[in-house]
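Peer 1:
Protein chains: 2
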Amino acid sequence: MKLATLDNGTRDGALIVVRRDGEVFADATDIVPTLQGALDRWEEVAGQLRARSAALEAGELPGVPLDVRRLLAPLPRAYEWVDGSAYVNHVVLVRKARGAEPPETLLTEPLVYQGGSSRFLAPTEPIPLTHREHGLDFEAELAVVLADTPIGVDPEDAPQYIRLFGLVNDLTLRNLIPGELRKGFGFFTSKPATAMAPFLVTPDELEGSLLDGRVHLDMLVHHNGRRVGHANAGPEMHFSFHDLLAHITKTRAFTAGTILGSGTVSNEDPSKGYSCIAELRMREIIGGGEAVTPYMSVGDTIHIEMKNGDGESLFGAINQKVVQG
Amino acid sequence: MKLATLDNGTRDGALIVVRRDGEVFADATDIVPTLQGALDRWEEVAGQLRARSAALEAGELPGVPLDVRRLLAPLPRAYEWVDGSAYVNHVVLVRKARGAEPPETLLTEPLVYQGGSSRFLAPTEPIPLTHREHGLDFEAELAVVLADTPIGVDPEDAPQYIRLFGLVNDLTLRNLIPGELRKGFGFFTSKPATAMAPFLVTPDELEGSLLDGRVHLDMLVHHNGRRVGHANAGPEMHFSFHDLLAHITKTRAFTAGTILGSGTVSNEDPSKGYSCIAELRMREIIGGGEAVTPYMSVGDTIHIEMKNGDGESLFGAINQKVVQG
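The listed protein sequences derive, respectively, from chains A and B. The first sequence finishes on residue 326 if you use this note's numbering, and the numbering steps up by one all the way, no holes. The second sequence finishes on residue 326 if you use this note's numbering, and the numbering steps up by one all the way, no holes.
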């Protein structure tokens, strides 16, 4: 099933179930008011939510036409946002771009950072940019939403803790990163609020595309209306979501509703394009020139989605415009 | 007023108002069920909560005897946990301890890291330790809980965004830090769940001790029953809570209930002791020897509190024991 959050004027919005084609929805607040509430009581409410989804799919419920501009992020605020960097090609390119070496443990231990989770941008919410010289970049990523997850999960036990899949645009202020990393405490001001795609879906919606904790579909990225990326999110995800989950639970437990990201989807083959501008800039340098493609400016647009084998947009589209902040 | 959260079997517990002496409490769930709920609707409910607090203080309400072992962390899960490192003496000592230089911007730009917020330990909850060689350390800190806070707050406007003050024990696995910092993404597995003191208090409870975003009172730390620290949290806090708040809002907004920590309270004068073991170990090395004091083991206890001029425990005590994890 597909779940989303309608803006009803409250902080956490109203839970809705969305038909597979994304065209219509059914209210679900009589079952549980919010998506966080559903995740808190999943065993109790998932069956009823699935029944509503099935009724919508079967046409027993007509559904209400969906306007994605009325949606909030599925989780407008979450208790934790943990972002991996599981595509090795991205790590190597971005570190080259800032003149840094990849870490020694690149292939043996996942990179993860703790992100801000108190405010996620809606799928069509403008991106405020206060200073162009901050170097605003998009990052197209997959993400999973976790169940209550204990300390010490083995990769093979990870699937039972993954409730939902979705997409995020992990916005980054590239030019704030070097100074911040020199301080040694990780990213902070270099990571403004992250945007989420309209729908979160249960793993069964991914059908045969979900293999070993990896989603074998293309990440479709359009920047200013032009397709710039269609990297396959599957084969080059060096650490699967199962590996990432095992890593983050080494010393901590996580509450239901924790969001875990894949890191920027990236393929070695340059013909697959890019899911963030930093990679293109590095390739321009490797190609013998200078980084000529600028980061985002006021007026830029970014569109991110993923389609299944039938051409259906699985998570709906992130579709944002940069505005003066 | 003093607020706390009683364990009622739910994820977020039940909001209570606590008498200034910490001996008795009154239920507040008829006003608003949880502390997060109160922070979400502060303007609407603060007056009623204050009235209940006043009735308790005046003896108009008898109150129920308080057993701190029945308390959860005031916010058992929060939308964001941002921890500063505002005591320069701590930064210098801890970096020396791991052979690293303090950052160039030590005195001009606050250090902050994004911590995990989906699970805070209760004030008397045992600390699980899975591997002694991880080097478990306590860190006694002050913290504030924020109102909805926009991007771009100036330090002089910061007080209006600070709702509550409290104490945290920001537990750290010291021996996991060097490897994690080499990866460049900040702390993650080196920071297990943080514990909170029983009570959060409104700024007026601090009376004359609160000056310019600093709390001029001693952080009382007992390790294994012996007093090891009584550093004054005021004068040597290089960046005040106002400075920290201005820094974190440079590129992001924060939801009500975000917790912002001071970093380990630390004084240059060694006779004031220490608020984390790492500092003592560094002093042992500087004294010409080896670091002989071990990090925490199963069975160790840690007790952290802060008293006002009348000798009253302002936030109640963090009182934890290390157990096999």
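Every residue gets a Cβ at the ideal spot worked out from N, C-alpha and C, and that includes glycine.
(1) Output the distance between the C-alpha atoms of R228/A and A87/A, rounded to the nearest integer angstrom.
(2) At a CB-CB cut-off below 7 Å, which residues of chain B make contact with G117/A?
(3) Whole angstroms are fine: how far does the CA of K184/A sit from the CA of N9/B?
(4) Ends of the alpha helix (DSSP H) at E181/A?
(5) Is E45/A near the ligand NAD, going by C-beta to nearest heavy atom under 7 Å?
(6) Over what stretch of residues does the beta strand (DSSP E) that includes M220/A continue unbroken?
(7) Since I believe T173/A is in contact with Q321/A (beta carbons under 8 Å), could you give me their beta-carbon distance rounded to a whole number of angstroms?
(8) Taking 8 Å as the cut-off, decide whether the C-beta atoms of R20/B and P77/B are in contact.
(9) Give every residue of the same chain whose Cβ lies closer than 7 Å to the Cβ of P204/A, excluding the five residues on either side of it in the sequence, and list them in chain order.
(10) Whole-angstrom Cβ separation of D213/A and R175/A, contact assumed at under 8 Å?
(11) Just mark D219/A as buried or exposed, buried being the case when its beta carbon has 16 or more other beta carbons within 10 Å.
(12) Specify the secondary structure class of V65/B as computed by DSSP and reduced to three states.
(13) Using 8 Å for Cβ pairs, my map puts V92/A next to L112/A. What's the rounded Cβ distance?
(14) If you reduce the DSSP assignment to three classes, tell me which class F242/B lands in.
(15) Let me make sure I understand the geometry here. Which of A101/B, T265/B, D84/B and F188/B has the alpha-carbon closest to that of V146/B?
(16) Pick out whichever of F255/A, F200/A and G310/A has its Cα sitting closest to the Cα of D123/A.
(17) Using a cut-off of 7 Å between C-beta atoms, extract the partners of G167/A located in chain B.
(18) At 4 residues or longer, and completely inside the stretch 43–102 of chain B: list those alpha helix (DSSP H) runs for me, N to C.
(19) Short of 7 Å in beta carbon distance, which residues of its chain neighbour D171/B, apart from the five on each side in sequence? Order them along the chain.
(20) Does the structure place the stretch 51–68 of chain A close enough to the stretch 18–35 of chain A that three or more beta carbon pairs sit under 8 Å?
(21) Tell me Q321/A's beta-bridge partners as DSSP assigns them.
(22) For chain B, check one thing: does any of its Cβ atoms lie closer than 8 Å to the Cβ of F189/A?
(23) Quick one, which of A98/A, F240/A, P179/A and L57/A has its alpha-carbon nearest D22/A's?
(24) In terms of residue numbering, what span does the beta strand (DSSP E) encompassing D28/B cover?
(25) CB-CB under 6 Å to G323/A, same chain, minus the five flanking residues each way: which ones, in chain order?
(26) Would you decide whether V89/B is buried or exposed? Buried here means 16 or more other CB atoms lie within 10 Å of its CB.
(27) Give the interface partners of L327/B over in chain A, defined as CB-CB distance under 7 Å, in chain order.
(28) Closest by CA to M283/B, which one among Q49/B, A98/B and A198/B?
(29) Taking its Cβ as the centre, do 16 or more other Cβ atoms sit within 10 Å of N225/A, making it buried, or is it exposed?
(30) Which chain A residues are close to P104/B, counting only those with a beta carbon under 7 Å from its beta carbon?
(31) Looking at the structure shown, is M197/B part of a helix, part of a strand, or coil, going by DSSP?
(32) Spell out whether any CB of chain A is found under 8 Å from the CB atom of P156/B.
(33) If you draw a straight line from the alpha carbon of G235/A to that of D270/A, how long is it in whole angstroms?
(34) Please classify D138/B: does DSSP put it in a helix, a strand, or coil?
(35) For T252/B, which of V154/B, I286/B and G264/B has the nearest alpha-carbon?
(36) Put Y296/B into one of helix, strand or coil per three-state DSSP.
Peer 2: Taking the structure as given:
(1) Position 227 of the first sequence holds residue 228/A. Position 86 of the first sequence holds residue 87/A. Annotation: R228/A to A87/A spans about 23 Å, alpha carbon to alpha carbon.
(2) Working through the first sequence from its first residue, we reach residue 117/A at position 116. Neighbours of G117/A in chain B, taken as residues at a C-beta separation under 7 Å, are given in chain order as E81, Q115 and R253.
(3) To locate residue 9/B, count along the second sequence from 1; it is residue 8. To locate residue 184/A, count along the first sequence from 1; it is residue 183. When rounded, the distance between both Cα atoms is 42 Å.
(4) Here the question's residue 181/A lines up with position 180 in the first sequence. Start and end: I178 to K184.
(5) Ligands in the displayed structure: none, and consequently the ligand NAD is not present.
(6) Within the first sequence, numbered from 1, the residue matching residue 220/A stands at position 219. D219 to H224 is the extent of the beta strand (DSSP E) around M220/A.
(7) Taking the first residue of the first sequence as 1, we reach residue 321/A at position 320. Taking the first residue of the first sequence as 1, we reach residue 173/A at position 172. Actually they are not in contact, since the Cβ atoms of Q321/A and T173/A sit about 14 Å apart, beyond 8 Å.
(8) Position 19 of the second sequence, counted from the first residue, corresponds to residue 20/B. Position 76 of the second sequence, counted from the first residue, corresponds to residue 77/B. Not in contact: R20/B and P77/B (Cβ atoms no closer than 8 Å).
(9) If you number the first sequence from 1, residue 204/A lands on position 203. The answer, listed in chain order, is I163, F166 and L211.
(10) Stepping through the first sequence from its first residue, residue 213/A is reached at position 212. Stepping through the first sequence from its first residue, residue 175/A is reached at position 174. Between R175/A and D213/A the Cβ distance is about 32 Å, and since that is not below 8 Å, they are no contact.
(11) By one-based count along the first sequence, residue 219/A stands at place 218. Counting Cβ neighbours within 10 Å, D219/A comes out buried, since at least 16 surround it.
(12) On the second sequence, residue 65/B is found 64 positions in, with the first residue counted as 1. In the structure shown, V65/B sits in a strand (DSSP, three-state: E or B).
(13) In the first sequence, residue 92/A corresponds to position 91, counting from 1. In the first sequence, residue 112/A corresponds to position 111, counting from 1. Indeed, because the Cβ distance is near 7 Å, the residues count as touching under 8 Å.
(14) Along the second sequence, read from residue 1 onward, the residue named residue 242/B stands at position 241. F242/B: helix per DSSP, three-state reduction.
(15) Numbered from its first residue, the second sequence carries residue 146/B at position 145. Among A101/B, T265/B, D84/B and F188/B, the Cα nearest to that of V146/B belongs to D84/B.
(16) The residue labelled residue 123/A in the question sits at position 122 within the first sequence. For the sequence presented, residue 123/A should be read as Ala rather than Asp. Checked all of F255/A, F200/A and G310/A; the closest Cα to A123/A is F200/A.
(17) Against the first sequence, residue 167/A aligns to sequence position 166. Ordered by position in chain B, no residue passes the 7 Å Cβ test against G167/A, which lies about 18 Å from the chain.
(18) 43–58 and 89–98
(19) Counted from its first residue, the second sequence places residue 171/B at position 170. So the qualifying residues of the chain are D84, E140, E142, T195 and G262.
(20) Output reads yes: the stretch 51–68 of chain A touches the stretch 18–35 of chain A.
(21) Translated into the one-based positions of the first sequence, residue 321/A becomes position 320. Residue pairing for Q321/A: DSSP places it in a beta bridge opposite I303/A.
(22) Counting from 1 along the first sequence, the entry for residue 189/A is found at position 188. True, the Cβ-Cβ gap to chain B drops below 8 Å.
(23) By one-based count along the first sequence, residue 22/A stands at place 21. The shortest C-alpha separation from D22/A is found at L57/A.
(24) Taking the first residue of the second sequence as 1, we reach residue 28/B at position 27. Counting along the chain, the beta strand (DSSP E) containing D28/B begins and ends at V25 to D28.
(25) Locating residue 323/A in the first sequence gives position 322, where the first residue counts as 1. In the sequence under discussion, the amino acid at residue 323/A is Val, which differs from the Gly named in the question. Excluding positions up to five away in sequence, the list reads I128, L130, M297, V299 and D301.
(26) One-based indexing of the second sequence puts residue 89/B at position 88. Its Cβ being crowded by 16 or more others within 10 Å, V89/B is buried.
(27) Any property of residue 327/B remains undetermined from this structure, which presents chain B solely from 2 to 326.
(28) Start at 1 with the first residue of the second sequence, and residue 283/B comes out as number 282. Checked all of Q49/B, A98/B and A198/B; the closest Cα to M283/B is A98/B.
(29) As a first step, residue 225/A must be located in the first sequence, where it is residue number 224. Exposed, by the Cβ-count rule.
(30) Position 103 of the second sequence, counted from the first residue, corresponds to residue 104/B. Close partners of P104/B in chain A (Cβ separation under 7 Å): R183, K184 and G185.
(31) Reading the second sequence from its first residue, position 196 is the one you call residue 197/B. The answer is strand: DSSP assigns M197/B an E or B state.
(32) Numbered from its first residue, the second sequence carries residue 156/B at position 155. With 8 Å as the cut-off, P156/B does not count as an interface residue toward chain A.
(33) One-based indexing of the first sequence puts residue 235/A at position 234. One-based indexing of the first sequence puts residue 270/A at position 269. Roughly 14 Å separates the two Cα atoms.
(34) For this step, residue 138/B is matched to residue 137 along the second sequence. Three-state DSSP puts D138/B in a strand.
(35) The sequence position of residue 252/B within the second sequence is 251, counting from 1. Ranking the options by Cα distance to T252/B, first place goes to V154/B.
(36) What you label residue 296/B is simply residue 295 of the second sequence in a count that begins at 1. Coil.
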